[in-house]
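K.L.:
To start, I am sharing the structure in question, which I have written as C-alpha cells.
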Amino acid sequence: MRRTAIVSVYVLIAVTAVGALALTGIEGSKHDFSNEDWAGEDACGACHTPHRSVPPKTAPLWDTSADLSRTFGTSAADGSTPGRGTTLCLRCHDGTIAPAGAAGAHRESFAFSTHPGAVSTGYATSEHPVGVEYPRTDKGFRPLTSVVASGTVTLPDGMVECVSCHDPHDEAGLYAMLVTSNARSALCLTCHKK
Amino acid sequence: MRGWTPALIGLAAIGVMAGAAVADESVVNSKHDLSSRGPGPIRATEESEVCIFCHTPHNAAPQTPLWNRANPRTHYRIYQSSTLDARIDQPSGPSKMCLSCHDGSMALGNVLSRPADEPIVMTARTIPPGSTDLTDDLSDDHPIGFRYDRAVSNADDEIRPPELISVELPLGAHGEMHCTTCHDPHNNELGDFLRISDQMAAICITCHDKDGWHRASHATSRKRTPGRSVDPTERLKYGNVTSNGCMSCHKIHSARHPERLLRARRDEDNCLNCHSGAVANFNIAADIRKRSGHYVPGRGGVHDPAERPFTMRRHVECVDCHNPHAAQPNPIGRVRGTLGQVVKGPNLHVPGVTLSGRETDDSRFLSEICFKCHGDGVARPRLQTTRQVSQTNVRLEFQVSNPSFHPVGGPRRNSDVVSLISPLRVGSTITCTDCHNSNNARAFGGSGANGPHGSLFEPLLVRNYDTDDFTPENAEAYSLCYGCHDRDSILNDESFSRHRRHIVDIRTPCSVCHDAHGVYRGQGGTNTHTNLINFDLSVVSPADSPSGRRVEYTDTGRMSGNCTLTCHGMTHVNFPYSNSSAASKSSGSSLRGLSGTRQGGTR
Chain A
226 MRRTAIVSVY VLIAVTAVGA LALTGIEGSK HDFSNEDWAG EDACGACHTP HRSVPPKTAP
286 LWDTSADLSR TFGTSAADGS TPGRGTTLCL RCHDGTIAPA GAAGAHRESF AFSTHPGAVS
346 TGYATSEHPV GVEYPRTDKG FRPLTSVVAS GTVTLPDGMV ECVSCHDPHD EAGLYAMLVT
406 SNARSALCLT CHKK
Chain B
26 MRGWTPALIG LAAIGVMAGA AVADESVVNS KHDLSSRGPG PIRATEESEV CIFCHTPHNA
86 APQTPLWNRA NPRTHYRIYQ SSTLDARIDQ PSGPSKMCLS CHDGSMALGN VLSRPADEPI
146 VMTARTIPPG STDLTDDLSD DHPIGFRYDR AVSNADDEIR PPELISVELP LGAHGEMHCT
206 TCHDPHNNEL GDFLRISDQM AAICITCHDK DGWHRASHAT SRKRTPGRSV DPTERLKYGN
266 VTSNGCMSCH KIHSARHPER LLRARRDEDN CLNCHSGAVA NFNIAADIRK RSGHYVPGRG
326 GVHDPAERPF TMRRHVECVD CHNPHAAQPN PIGRVRGTLG QVVKGPNLHV PGVTLSGRET
386 DDSRFLSEIC FKCHGDGVAR PRLQTTRQVS QTNVRLEFQV SNPSFHPVGG PRRNSDVVSL
446 ISPLRVGSTI TCTDCHNSNN ARAFGGSGAN GPHGSLFEPL LVRNYDTDDF TPENAEAYSL
506 CYGCHDRDSI LNDESFSRHR RHIVDIRTPC SVCHDAHGVY RGQGGTNTHT NLINFDLSVV
566 SPADSPSGRR VEYTDTGRMS GNCTLTCHGM THVNFPYSNS SAASKSSGSS LRGLSGTRQG
626 GTR
C-alpha cells in the first residue's frame with residue numbers, strides 16, 4: 226500500500242511537471258515567482274501545492290484568511306459572489322492581501338500603490354464587473370453562444386470572472402496576460418456590442 | 026467554372042456589404058475609432074485598441090462606465106434664452122465625459138490607464154477647431170444639464186411630456202438631458218452618432234411638438250437646397266427642405282445666433298437666405314427693399330418671441346407675421362370677400378391682438394396680426410396725414426361701433442355705398458391686406474408673393490393712391506380705391522352728388538375728405554364722421570359759421586349732408602348736398618347752405 230502511495234505521488238509529480246513544461250508561458254512571465262523565497266522553487270509553487278488540503282482544494286494558497294465573499298463591480302447587486310476564477314486572483318490582486326514577499330514589509334501599502342496589477346476595492350465602479358452573470362438579454366452585448374464560440378473568452382458557469390479575460394498562466398504571452406490580443410479592442414468586442 | 030465566378034462575386038459582394046453594415050453600427054471604424062487604424066484624420070499613431078480612449082477595465086475614474094479619462098473643466102458658458110422654461114445647470118455625468126474631448130481643451134491621448142507623461146500619441150493633440158469642437162461656450166449648443174420633467178412640459182405646450190419621449194432617447198439618472206440623450210457614441214449608423222435620424226426632423230420632434238409643424242411648408246416642401254443656398258458657410262446635410270427639417274434654420278451645435286440656435290446671426294437672414302429666390306418661390310428679399318416695405322433688416326435684434334405687443338420696442342421681423350413652424354402655402358387667388366379676413370396658410374399660429382384688444386397666441390383673423398404693431402403698442406408708426414380726428418391706433422379705427430369704418434373688424438351695412446364692384450357688396454368684409462400689400466402680389470394680378478412685404482406705393486399699398494392736392498383725376502391716381510369702388514359710379518355721382526365736381530373738376534384727392542381706416546367713436550360724433558369723413562387739415566381749414574370757426578361735416582340722412590369748411594379757396598358754411606336719385610333726402614336744409622357758395626362755387 227505504502228509503495229503504491231509513493232508511486233502515486235511520483236506519478237502526480239511527473240504529471241504536474243509535464244503540465245508545467247506544457248504551460249511554458251508562465252516561465253519568465255510576471256507570474257513566475259520562482260526566484261522569490263516565499264514561493265518555493267518552481268514556477269507553480271507560488272500558487273499550487275500538491276499536498277495542502279484546505280479549501281479550495283484545487284488551488285491551494287498561502288493565506289486562508291482571505292474573505293472570498295466580497296462582491297466586485299456594479300452589476301453584482303443580485304448578491305452573487307465571484308467564482309474561483311476571480312477570488313483566487315483577488316487573493317493577491319485586491320491590494321490588501323498579498324504575500325509578504327510581494328508586499329515587502331509594508332503589507333498595507335500594496336493597496337495604495339500604483340502597481341498596475343492592484344485592484345482597488347474602494348471604488349466598485351472603477352473595475353470591470355466580475356462575479357456577475359453574463360448579460361444574455363442586454364442588447365449591448367453579443368449572444369452568449371457567440372462568446373463561447375469565440376474560443377478566447379471563457380465564462381465559467383456563465384459568469385464573468387477575471388479569468389474570462391486574463392490567463393494567469395500567460396500562455397499567449399500577451400500584454401496583461403490577456404487570453405487574446407486586444408488589438409482593435411478585439412477582446413472587449415468579443416462580448417461588448419459597441 | 027464559368028458559372029461559379031458570378032456566384033463567387035455575388036457572395037463576395039454580400040460579404041462586403043454585410044461587413045460594411047456591421048462596421049456602421051459599431052464604434053470600430055466609426056469616427057470614434059481613434060486607434061491607429063481608425064478611419065478619421067484624428068487617430069493614434071501606434072495604439073491599436075479602440076475602447077482604450079474612453080474605457081479601461083481596471084482603475085477607471087470613479088464613474089460609470091469604466092471611464093478612462095480625467096474630468097474636463099467645471100465651468101462652461103451655458104445656454105440662455107428668453108423663452109426657456111427649464112433651468113440649465115452646468116454639464117454633469119455623461120455630458121462631461123463627452124466634453125473631456127469635445128470642449129477642445131483636453132489632450133485626446135491623456136488616459137488614466139497611461140502615465141500622464143506617456144499619453145497615447147495622436148495625430149492631433151486635441152480636437153481641432155471646427156464643428157466637433159464645442160469649446161467652453163455651450164451657449165450656442167442645444168442645452169444639456171437640465172431636468173426634463175413635467176414642470177418643463179407643463180410650462181410649454183410645445184414640449185412633450187417626458188414620459189412620452191421615445192426610449193431611444195435616454196435621459197440621465199435624474200431625468201436630465203445629456204449629450205447621450207441624442208447621441209450614441211458607439212453607433213454612427215445614422216451619422217453624427219445620432220440615436221434617431223435627424224432627417225425630416227425626426228429626432229427633434231420627439232421632444233419638440235411644434236404647433237402646426239406636420240403640415241407646415243418647412244416640414245413638407247421638396248424644394249431643393251443645393252450647395253450653400255441656405256447657409257453660405259456650409260452645405261446642409263440633405264438635399265431638400267423637408268429632409269433638412271429643423272436644420273434648415275436651426276443649428277444644434279455652434280449656432281451663429283446662439284439664442285434659439287438659429288443658423289444665421291441676423292434674424293431675417295434665416296428666412297431671406299431661402300426666400301430670396303434661392304430656394305423658395307418668391308423673392309421676398311427684393312420686396313422688402315421697395316420704397317415702402319416692412320424692411321426687416323432695419324431694426325435688427327429687437328424682436329424677441331417673449332415680447333408683449335403693448336410694451337415691445339418698434340421693429341419688424343419676418344417672424345412677427347409668420348410662424349416658420351406652422352406656415353403653409355398661400356391659397357392661390359385673390360384673397361378678398363367674406364372669408365378674406367380669416368388667417369390663411371402663411372400666417373397660421375401667429376400671435377396677435379384681437380379687435381377687442383386682447384392678446385392671443387393664435388390669431389384667427391389676419392388683422393389681429395397687424396393690430397399687434399399697429400394697434401395699442403408703443404411701437405406703432407406715426408400718422409402720415411394730419412386729420413380732424415387724429416388716431417394712430419388702427420385697432421380703434423376699425424371698431425364696429427365706430428360712426429364709420431372700412432369693414433375689417435366686421436361687416437358694415439351702409440346702403441350709401443353703391444359703388445362696390447362685385448363680388449363685394451354692402452355687408453362684405455375686407456382685411457388689411459386688401460389695401461396694404463406688395464404691388465406685385467399674385468392676388469392682385471402680379472407675379473410676386475402675396476402679403477404686405479413691400480410696395481412702390483406708400484404706405485405699403487397694393488395700388489397707387491395719390492394724396493397730393495390738385496392731383497388730376499385718372500384711373501391710376503386713385504387706383505387703390507377704384508379697385509373696389511367703381512370709378513364710373515363715383516364719377517357719375519351715384520352716391521355723393523358732388524364727387525365728380527370735387528375729384529375731377531377741383532382735383533381734390535379722395536384722402537382729403539376720407540379717412541381710409543375709420544373714425545373711433547370715442548373721438549368722432551355719430552353723425553359728424555359717417556362715410557369715413559375725416560378731413561385732411563393740411564388742405565381743409567376752418568370756416569366761420571354762426572356757431573364759430575370750425576371744420577365740420579354733418580350727416581343728414583341717406584346720401585345727404587352738409588359741410589362747414591374752407592378748401593381750395595372756397596368756403597362752405599353748412600353747405601348741403603343730397604343725391605336726387607336717392608329715395609330719401611331731408612328737405613329744408615338745401616336753402617340754408619346757399620351762402621356757402623359766396624366765394625365762388627365754381628372756378
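Just so you know, the protein sequences line up as chains A and B, in that order.
The first sequence begins at 226 in this note's numbering and counts up one residue at a time.
The second sequence begins at 26 in this note's numbering and counts up one residue at a time.
C-beta: ideal position from N, C-alpha, C; glycine also.
All figures in this text were calculated on a predicted structure; none of them were measured in a lab.
Go ahead and label B/Gln416 buried or exposed: buried means 16 or more other beta carbons lie within 10 angstroms of its beta carbon, across all protein chains shown.
P.N.:
Working through the second sequence from its first residue, we reach residue 416 of chain B at position 391. Looking at its Cβ environment, which holds 16 or more other Cβ atoms inside 10 Å, B/Gln416 is buried.
K.L.:
Strictly by DSSP, which residues pair up with B/Thr589?
P.N.:
By one-based count along the second sequence, residue 589 of chain B stands at place 564. Paired residues: B/Glu577.
K.L.:
Is the shortest distance between the beta-carbon of A/Ser410 and the beta-carbons of chain B less than 8 Å?
P.N.:
Start at 1 with the first residue of the first sequence, and residue 410 of chain A comes out as number 185. True, the Cβ-Cβ gap to chain B drops below 8 Å.
K.L.:
Checking the sheet assignment: what are the DSSP bridge partners for B/Asp561?
P.N.:
Start at 1 with the first residue of the second sequence, and residue 561 of chain B comes out as number 536. The partner list for B/Asp561 (beta bridge, DSSP) reads B/Arg412.
K.L.:
Within 10 angstroms of its Cβ, does A/Met402 collect 16 or more other Cβ (buried), or is it exposed?
P.N.:
The sequence position of residue 402 of chain A within the first sequence is 177, counting from 1. Buried, by the Cβ-count rule.
K.L.:
Less than 8 Å between the beta carbons of B/Asp491 and B/Arg412, yes or no?
P.N.:
Working through the second sequence from its first residue, we reach residue 491 of chain B at position 466. Working through the second sequence from its first residue, we reach residue 412 of chain B at position 387. Not closer than 8 Å, so no.
K.L.:
In the DSSP output, what is B/Arg450 paired with across the bridge?
P.N.:
In the second sequence, the residue the question calls residue 450 of chain B occupies position 425. In DSSP, B/Arg450 forms no bridge with anything.
K.L.:
When the Cα of A/Val355 is compared with those of A/Gly253, A/Ser375, A/Ser254 and A/Leu313, which residue comes out closest?
P.N.:
Here residue 355 of chain A refers to the residue found at position 130 when the first sequence is read from its first residue. Looking at the Cα atoms, A/Leu313 is the closest of the given residues.
K.L.:
Measuring alpha carbon to alpha carbon, tell me which of B/Arg249, B/Gly129 and B/Leu91 ends up nearest B/Thr151.
P.N.:
Numbered from its first residue, the second sequence carries residue 151 of chain B at position 126. Nearest option by C-alpha distance: B/Gly129.
K.L.:
Applying a beta-carbon distance threshold of less than 7 Å, which residues of chain A neighbour B/Val75?
P.N.:
Taking the first residue of the second sequence as 1, we reach residue 75 of chain B at position 50. In chain order: Arg409 and Ser410.
K.L.:
Within its chain, find whatever has a CB closer than 7 Å to the CB of B/Cys343; leave out the 5 residues flanking it on each side and keep chain order.
P.N.:
Here residue 343 of chain B corresponds to residue number 318 of the second sequence, with the count starting at 1. Excluding positions up to five away in sequence, the list reads Glu293, Cys296 and Val321.
K.L.:
Alpha carbon to alpha carbon, how far is B/Gly325 from B/Arg339?
P.N.:
Locating residue 325 of chain B in the second sequence gives position 300, counting from the first residue. Locating residue 339 of chain B in the second sequence gives position 314, counting from the first residue. When rounded, the distance between both Cα atoms is 10 Å.
K.L.:
Going by the C-beta, is B/Leu133 closer than 7 Å to any heavy atom of the ligand SAM?
P.N.:
Questions concerning the ligand SAM fall outside what the structure shown contains, since it holds no ligand whatsoever.
K.L.:
Tell me whether B/Tyr602 sits in a helix, a strand or coil according to DSSP, three-state version.
P.N.:
As a working mapping, residue 602 of chain B is identified with position 577 in the second sequence. Three-state result, B/Tyr602: strand.
K.L.:
Give the straight-line distance between the Cα atoms of B/Gly134 and B/His57, rounded to the nearest whole angstrom.
P.N.:
The count along the second sequence starts at 1 and reaches residue 134 of chain B at position 109. The count along the second sequence starts at 1 and reaches residue 57 of chain B at position 32. When rounded, the distance between both Cα atoms is 13 Å.
K.L.:
To the nearest angstrom, how far is the alpha carbon of B/Asp561 from that of B/Tyr503?
P.N.:
The count along the second sequence starts at 1 and reaches residue 561 of chain B at position 536. The count along the second sequence starts at 1 and reaches residue 503 of chain B at position 478. Between B/Asp561 and B/Tyr503, the C-alpha separation is close to 16 Å.
K.L.:
Got a sec: which bits of the segment 204-216 of chain B sit with their beta carbon under 7 Å from any beta carbon on chain A, in order along the chain?
P.N.:
So the list reads His211, given in the order they occur along the chain.
K.L.:
For B/Gly118 and B/His208, what's the separation of their Cα atoms in angstroms?
P.N.:
The residue given as residue 118 of chain B occupies position 93 in the second sequence. The residue given as residue 208 of chain B occupies position 183 in the second sequence. Taking the straight line from one Cα to the other gives about 14 Å.
K.L.:
So, does the segment 51-70 of chain B touch the segment 143-160 of chain B, judging by three or more C-beta pairs under 8 Å?
P.N.:
Flag = yes, the segment 51-70 of chain B and the segment 143-160 of chain B touch.
K.L.:
Check whether the segment 257-267 of chain B touches the segment 366-383 of chain B, counting contact only when three or more Cβ pairs, one atom from each stretch, lie closer than 8 Å.
P.N.:
Output reads no: the segment 366-383 of chain B does not touch the segment 257-267 of chain B.
K.L.:
Can you list the residues of chain B that A/Glu252 reaches, using a CB-CB cut of under 8 Å?
P.N.:
Translated into the one-based positions of the first sequence, residue 252 of chain A becomes position 27. Here the premise fails: no neighbours, minimum Cβ distance about 25 Å.
K.L.:
Alpha carbon to alpha carbon, how far is B/Gly508 from B/Ile446?
P.N.:
In the second sequence, counting from the first residue as 1, residue 508 of chain B sits at position 483. In the second sequence, counting from the first residue as 1, residue 446 of chain B sits at position 421. Rounded to the nearest angstrom, the two C-alpha atoms are 8 Å apart.
K.L.:
Tell me the residue span of the alpha helix (DSSP H) that contains B/Val136.
P.N.:
In the second sequence, the residue the question calls residue 136 of chain B occupies position 111. Here B/Val136 belongs to no alpha helix (DSSP H), and DSSP marks it neither H nor E.
K.L.:
Can you list the residues of chain A that B/Val192 reaches, using a CB-CB cut of under 8 Å?
P.N.:
If you number the second sequence from 1, residue 192 of chain B lands on position 167. Within 8 Å Cβ-Cβ: nothing; B/Val192 doesn't reach chain A, min ~12 Å.
K.L.:
What would DSSP say about B/Leu287, mapped onto helix, strand or coil?
P.N.:
For the purposes of this step, residue 287 of chain B is taken as residue 262 along the second sequence, with counting starting at 1. Here B/Leu287 sits in strand by DSSP.
K.L.:
Would you kindly work out how many angstroms separate the C-alpha atoms of B/Gly155 and B/Ser279, rounded to a whole number?
P.N.:
Mapped onto the second sequence, residue 155 of chain B falls at position 130. Mapped onto the second sequence, residue 279 of chain B falls at position 254. Straight-line Cα distance between these residues: approximately 9 Å.
K.L.:
Measuring CB to CB, does B/Pro97 end up less than 8 Å from B/Ser60?
P.N.:
Here residue 97 of chain B is taken as the residue at index 72 of the second sequence, counted from 1. Here residue 60 of chain B is taken as the residue at index 35 of the second sequence, counted from 1. Taking 8 Å as the Cβ cut-off, B/Pro97 and B/Ser60 do not qualify as a contacting pair.
K.L.:
If you count every other CB in all the chains shown that lies within 10 Å of the CB of B/Thr205, and 16 or more means buried, which is it?
P.N.:
By one-based count along the second sequence, residue 205 of chain B stands at place 180. Answer is buried; the Cβ neighbour count reaches 16.
K.L.:
From B/Leu590 to B/Gln353, what distance separates their C-alpha atoms?
P.N.:
Position 565 of the second sequence, counting from 1, holds the residue named residue 590 of chain B. Position 328 of the second sequence, counting from 1, holds the residue named residue 353 of chain B. Distance between the alpha carbons of B/Leu590 and B/Gln353 is about 50 Å.
K.L.:
Where does the unbroken alpha helix (DSSP H) through B/Asp513 begin, and where does it stop?
P.N.:
Residue mapping note: residue 513 of chain B aligns to position 488 of the second sequence, counting from 1. Unbroken alpha helix (DSSP H) run through B/Asp513: Arg512 to Leu516.
K.L.:
Taking B/Leu189 as the reference, give the member of B/Ser585, B/Cys538 and B/Thr231 with the closest Cα.
P.N.:
Mapped onto the second sequence, residue 189 of chain B falls at position 164. When each option's Cα is compared against that of B/Leu189, the closest is B/Thr231.
K.L.:
Along the segment 78-90 of chain B, where does the CB come closer than 9 Å to a CB of chain A? Name the residues.
P.N.:
Answer in chain order: His80, Thr81, Pro82, His83, Asn84, Ala85, Ala86, Pro87, Gln88, Thr89 and Pro90.
K.L.:
Closer than 8 Å, CB to CB, is A/Lys255 near chain B or not?
P.N.:
Reading the first sequence from its first residue, position 30 is the one you call residue 255 of chain A. Chain B, which has no Cβ nearer than 8 Å to the Cβ of A/Lys255, makes this no.
K.L.:
Could you check where the alpha helix (DSSP H) with B/Asn499 kicks off and where it finishes?
P.N.:
Counted from its first residue, the second sequence places residue 499 of chain B at position 474. Note, B/Asn499: premise wrong, no alpha helix (DSSP H); not H, not E.
K.L.:
Answer yes if the segment 378-396 of chain A comes into contact with the segment 251-262 of chain A, meaning at least three C-beta pairs across the two stretches below 8 Å, and no otherwise.
P.N.:
Touching, per the Cβ criterion.
K.L.:
Closer than 9 Å by beta-carbon distance: list the chain B residues that pair up with A/Glu352, in chain order.
P.N.:
Translated into positions along the first sequence, residue 352 of chain A becomes position 127. Neighbours of A/Glu352 on chain B, chain order: Pro82, His83, Asn84, Ala85 and Leu91.
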